[in-house]
Each structure stands twice: as C-alpha cells, then as structure tokens.
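The structure appears right after this line, and notes come after that.
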Amino acid sequence: MAATVAPEARAQQLQTPAQLAAIAAKVPRQDWYPPGYYEARLGAEAYVAEYPRPLDKMLYPSPNGKGDVYDITDEEKQGCVLHPDHYDDLDPETQPWSELALEVARLRAEMARLGYPEAVYAGPLAAYEREQIEGGAEIAATSDPDAPPAADPDAEALGATTENGYLDLGLTQQLNAQRRKLAPKKPPVVASMTICADGREDVRPTFRTSPDGGEIWMIDAFAFNVCLRKHRDPWDRTACRWTEVETGAAYPYAGRFVYQILWPDGATKRGTRQISDQPGAKTAPVITFRKTGS
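For the sequence shown, our numbering assigns the number 707 to the initial residue and increments by one for each residue that follows.
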C-alpha cells in the first residue's frame, strides 16, 4: 500500500478547560474503569470527533434492497486500510485499553450522529464496555459453542444473516432490541464480515524538511489526545511517546498524526498530517514539512 498526503491542518489540541470539561461531562468516570482506561476513553472521544467515519462507510443498502442498514464494522479495524498501531505511541498503562476505548467512543458518536436516541445505545454500549473490561471475552469463550444464536428480527428481516456475510453479535442484538422499542424507523444495526484483498503493495513514505536540517517528531493523533489528558503539555517529548523520524528513511506510516519540526535556528512548526493508503501506486511518496507555507 502506498500513501498520499492530505493538506496540513492546525494541530487538534483541546486548549481550554471548558473544552476538556465538555468531553469529560459526556463520559463520566465509572468506578469499574481500570487504571488508564478513563484517559484512553476521553482521548478516543476527542479523536473520533476530529476524524469521523464518512457516512458512506456507515450506511449501506440492506441485502434485500428494502431500506438501509447501519454497519458498525470499521474497515480500518478489519485491516482493509493501512493504519497505525496505536499501541506504539501510548504509555503501558493505557495501551491495553486503546482498541476498546476507540470502539466504544466511535459507536457512541456514530449512533448520535445518525440520529438514534441516546436511550437506544447508551445502555447496550455501557454493558458491552463493562463486559469487555471485566473479562466478558473470556466468559464468552467458555460458553457452549453449539448453542444456536438468538434471532435478530431487525437484521434478519432485511436479509442481514450470517449466510450472506454478516456477523451475529450480542451487541447488535441488544442495540436492535432497543431500536425496535424506541426508534423503529431508524436503520437496523448489523456487523459485516469484511474481507479485504491482500495483494496490494506496501509502499512506505519517506520524510524530509524544507529547508533541510529540521528535526521531525511525530505522534499518532489518538495518542496525542490521550497524552493531553494525562499531562499538562502534550508537546513535551519526554512526557509523551513522540517518535523522531529520520529524514530519507522509509516508515510504515498511515493514519492521523500530530507533528512538530525543530530547525537549527530555533524555528518550529506544529500541525497535523493525515497519511492515507493508496492501493496500486508503485513509487514511495516523499512527505515534505516546510518551514513556511503549507
């Protein structure tokens, strides 16, 4: 997979106490949250707000052609899109919870964005979150594998079955049960079994500065938001897990990044870059950070 570079943008830093409090008000700390999870969850809330999934990646025509379905499967998580390993830029306390925090925050934000009443998703998502934290995955693994799955009338009525590529998840069943009671006109919730082509080339970008001589430091945007919650200054490279990127070297980078460039004369530049995969390209792109201009 190759990479393309989106235009530069201002670094997405939540700068005021009011902005930080607004996110925390939506996600109060629960007494069953383990150490490190609350910071990951708040960082995830900020991340998904800054980088929402496109609507055409969320809503699809139902398999039987009668209405739409909301697919909760994120193709990035399924490996269809080259994306960074968030673990690398997170501290050890937060690392184990990054995927769950991102998943719960994304689903909450997407269902709100699509107009589902909060009562439809708040309870099921909280139960799912707690189950995963308290070992629900291990409990599920010990259950009877031959037990028939419970029917999901909403999904089955539109043809979204395991036979045509949809997963039968307890979470989707719970969300649909609430939807039938409280918002029957909203799209049924499904989870697709995404299958991706594996023949794409891995073309890794290289980095440089203009003028030469700048030090390039980068951190994953999600990790930046988590660090913002845990430290007073997320730009402090000793407090957060910033990576120094060697100019001219190829890196397997794709995703959303915050950067800071330091030139020998003391000049600095900060911002964000999104590097996305581009199947089929044969040459590695060169990503240039300029001292002036874009």
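All residues carry an ideal CB built from backbone N, CA and C; glycine is no exception.
Could you give the DSSP three-state label for residue i: helix, strand or coil?
i: Tyr743; result: helix
i: Thr998; result: coil
i: Leu808; result: helix
i: Gly821; result: coil
i: Val932; result: helix
i: Leu1001; result: With the chain covering 707 to 1000 only, the question about residue 1001 has no answer from this structure.
i: Gly771; result: coil
i: Ala755; result: helix
i: Asp777; result: strand
i: Ala955; result: coil
i: Ile845; result: Residue confidence is low: Ile845 scores 40 on pLDDT, short of 50, so the model does not pin down where it sits. No coordinate-derived value is stated.
i: Ala990; result: coil
i: Leu796; result: coil
i: Lys975; result: strand
i: Gln736; result: coil
Where do the N-terminal and C-terminal ends of the beta strand (DSSP E) with residue i fall, by residue?
i: Gly961; result: 961–968
i: Met924; result: 921–926
i: Arg914; result: 912–916
i: Glu950; result: 949–951
i: Ala897; result: 895–898
The alpha helix (DSSP H) spanning residue i covers which residue range?
i: Val1001; result: A query on residue 1001 cannot be resolved here, the shown segment of the chain reaching from 707 to 1000 and no further.
i: Ala883; result: 876–888
How should residue i be labelled, buried or exposed, when 16 other C-beta atoms within 10 angstroms of its C-beta is the threshold for buried?
i: Ala863; result: exposed
i: Leu761; result: exposed
i: Asp926; result: buried
i: Val826; result: buried
i: Val992; result: exposed
i: His789; result: Residue placement at His789 is poorly supported in this model, since its pLDDT is 47, which falls under 50; the coordinates are not used for a value here.
Can residue i be considered in contact with the ligand ATP, in the sense that its beta carbon sits closer than 7 Å to one or more heavy atoms?
i: Ala945; result: Absence of the ligand ATP from the depicted structure is noted, as is the absence of any ligand whatsoever, leaving it without description.
query: Three or more beta-carbon pairs under 8 Å between the segment 973–982 and the segment 942–956, yes or no?
result: no
- prompt: Okay, do the segment 822–830 and the segment 754–773 touch, 3+ Cβ pairs below 8 Å being the bar?
  reply: Flag = no, the segment 822–830 and the segment 754–773 do not touch.
field: Validate contact between the segment 918–925 and the segment 950–957 using beta carbons, cut 8 Å, 3 pairs
entry: Touching, yes, given that three or more Cβ pairs across the two stretches are closer than 8 Å.
- prompt: Pairing CB atoms from the segment 737–753 with CB atoms from the segment 772–783, are three or more of them under 8 Å?
  reply: no
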